[in-house]
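Trainee: Using the numbering used here, count along the sequence shown one by one with no gaps and you end on 471. Glycine included, every Cβ here is placed at the ideal spot set by N, Cα and C. As the structure is a computational prediction, the values presented were derived from the model and not from experiment. I'd like to ask some things about the structure below.
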Amino acid sequence: MNDHDRWTAVDDYLAPLFAPHDDALDRALEASAAADLPAIQVSAAQGKLLHVFARMLGAKRILEIGTLGGYSTIWMARALPASGRLVSLEVDAKHAEVARANLVRAGVGAVAEVRLGPALDSLAAMVAAGEPAFDFAFIDADKPVLADYFEFALKLVRRGGAIVADNVVRKGAVIDAASEDASVQGVRRLNALVAAEPRVSATTIQTVGAKGWDGFLLAWVR
Ligand code: SAH
Ligand code: DHB
Ligand code: MG
């Protein structure tokens with residue numbers, strides 16, 4: 250067995266214990282695959298981690314940047330009270346449509362909303378409109394502009410809230426300062442910004458599992 254197969258086998262052991270799927274989660278992945286969406290959603294264990302973060306924060310309002318088929322959206326929305334709200338930003342109309350159907354099937358259609366359009370535009374509009382503060386933000390869209398997403402998240406998340414960014418280790422490629430990969434440079438710009446930002450206390454944890462070797466950045470807003 251190679252490393253990736255071993256990491257996947259451990260995820261296959263952990264997920265039924267801690268992040269078991271119900272019909273809605275199964276059907277969300279099936280519908281996403283049927284519509285030819287890329288299978289790049291968080292793993293079940295990662296989805297549950299986002300859910301637990303939201304619970305720890307007592308989150309009533311959650312911001313997501315990058316919806317895909319709404320798999321991570323379902324995990325986080327299920328941490329909200331009935332009066333809660335999740336706003337998820339997605340640029341691809343087909344992804345948004347698949348996600349909306351998945352959210353309804355999962356019973357979170359009333360709390361979780363997908364806003365279609367380039368996330369930077371949606372975020373600027375939210376700031377301009379005085380969108381109420383969020384407790385938690387999950388950044389998981391295009392990586393070259395991660396730092397821009399983080400700066401918007403800082404404007405939109407309350408003190409004591411938290412911001413998580415996905416895919417910040419990239420099989421270790423993040424250590425290559427000379428990388429010509431725009432996603433690697435996007436993560437490095439994010440790291441420089443976060444490391445120098447006095448309003449947050451942050452760290453990155455490397456992860457292995459069904460999605461290979463990657464990492465989550467977690468920032469607590471002071
Ligand atoms: N959070 C999802 C996975 C998101 S994949 C999950 O774990 O289930 C990344 C998503 O970001 C894709 O659906 C892609 O279309 C979207 N995306 C890429 N660029 C974007 C942009 N500029 N604005 C909004 N969404 C974007
Ligand atoms: C990709 C994007 C993601 O958010 C992820 O978790 C894995 C892969 C991608 O664009 O390939
Ligand atoms: Mg991701």
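The alpha helix (DSSP H) spanning G435 covers which residue range?
Mentor: To locate residue 435, count along the sequence shown from 1; it is residue 186. Looking at the DSSP string, the run of the alpha helix (DSSP H) that includes G435 is 431 to 444.
Trainee: I'd like the list of long-range same chain contacts for L372, defined as Cβ closer than 6 Å, with 5 residues on each side in sequence excluded.
Mentor: Looking up residue 372 in the sequence shown gives position 123. Hits under 6 Å: F401.
Trainee: Could you tell me which of D272, V406, F387, T452 sits nearest to A337, measuring between CA atoms?
Mentor: On the sequence shown, residue 337 is found 88 positions in, with the first residue counted as 1. The question names Ala, but residue 337 in the sequence shown is Ser. The option with the nearest alpha carbon to S337 is F387.
Trainee: Is G315 near ligand 1, going by C-beta to nearest heavy atom under 6 Å?
Mentor: Here residue 315 refers to the residue found at position 66 when the sequence shown is read from its first residue. G315: yes, Cβ under 6 Å from ligand 1.
Trainee: May I ask you to verify whether the stretch 338 to 355 touches the stretch 309 to 323, counting CB pairs closer than 8 Å and requiring at least 3?
Mentor: A contact exists between the stretch 338 to 355 and the stretch 309 to 323.
Trainee: Going by the CB atoms, is the gap between A273 and H300 shorter than 7 Å?
Mentor: Position 51 of the sequence shown, counted from the first residue, corresponds to residue 300. Position 24 of the sequence shown, counted from the first residue, corresponds to residue 273. No; because the gap between Cβ atoms is not below 7 Å, this pair is not in contact.
Trainee: Enumerate in chain order the residues of its own chain whose CB-to-CB distance from R304 is below 7 Å, with the five nearest sequence positions on each side excluded.
Mentor: On the sequence shown, position 55 is the one that residue 304 refers to. Excluding residues within five positions, the ones whose Cβ falls inside 7 Å are A328.
Trainee: Any chance you could list the residues with Cβ under 5 Å from a heavy atom of ligand 3, keeping chain order?
Mentor: Having a Cβ closer than 5 Å to some heavy atom of ligand 3 are D389, D415, N416.
Trainee: Can you grab the Cα-Cα spacing for the pair E429 / A331, in whole Å?
Mentor: The sequence position of residue 429 within the sequence shown is 180, counting from 1. The sequence position of residue 331 within the sequence shown is 82, counting from 1. The straight-line gap from Cα to Cα measures roughly 45 Å.
Trainee: What does the Cβ neighbour count give for R437, buried or exposed, with the cut at 16 atoms within 10 Å?
Mentor: As a position in the sequence shown, residue 437 is number 188, starting the count at 1. R437 should be labelled buried.
Trainee: With a threshold of 16 other CB atoms inside 10 Å of the CB of T452, please say whether the residue is buried or exposed.
Mentor: To locate residue 452, count along the sequence shown from 1; it is residue 203. Exposed, because fewer than 16 other Cβ atoms sit within 10 Å of the Cβ of T452.
Trainee: Specify whether the stretch 361 to 380 and the stretch 281 to 295 touch according to this definition: at least 3 beta carbon pairs, one from each stretch, less than 8 Å apart.
Mentor: They do not touch, by the three-pair rule.
Trainee: Assign I314 to one of three DSSP states: helix, strand, or coil.
Mentor: By 1-based counting over the sequence shown, the position of residue 314 is 65. Strand at I314.
Trainee: Which same chain residues, not among the five before or five after K404, have their C-beta less than 6 Å away from its C-beta?
Mentor: Reading the sequence shown from its first residue, position 155 is the one you call residue 404. Around K404: V376.
Trainee: Mind checking whether the beta-carbon of I412 lies closer than 6 Å to any heavy atom of ligand 2?
Mentor: Reading the sequence shown from its first residue, position 163 is the one you call residue 412. No, Cβ of I412 sits at least 6 Å from all heavy atoms of ligand 2.
Trainee: List the endpoints of the continuous alpha helix (DSSP H) containing R276.
Mentor: Taking the sequence shown and counting its residues from 1, one reaches residue 276 at position 27. From DSSP, the alpha helix (DSSP H) with R276 extends over 272 to 283.
Trainee: Using beta-carbon positions only, say whether L466 and V433 come within less than 7 Å of one another.
Mentor: Taking the sequence shown and counting its residues from 1, the one referred to as residue 466 is at position 217. Taking the sequence shown and counting its residues from 1, the one referred to as residue 433 is at position 184. Taking 7 Å as the Cβ cut-off, L466 and V433 do not qualify as a contacting pair.
Trainee: According to the Cβ coordinates, are V470 and V443 closer than 7 Å?
Mentor: Position 221 of the sequence shown, counted from the first residue, corresponds to residue 470. Position 194 of the sequence shown, counted from the first residue, corresponds to residue 443. No; because the gap between Cβ atoms is not below 7 Å, this pair is not in contact.
Trainee: State the DSSP-derived secondary structure class of S450, mapped to helix, strand or coil.
Mentor: Translated into the one-based positions of the sequence shown, residue 450 becomes position 201. Correct three-state label for S450: strand.
Trainee: Indicate the three-state DSSP secondary structure (helix, strand or coil) for E380 in the structure shown.
Mentor: Within the sequence shown, residue 380 is the residue found at index 131, counting from 1. Coil, per DSSP.
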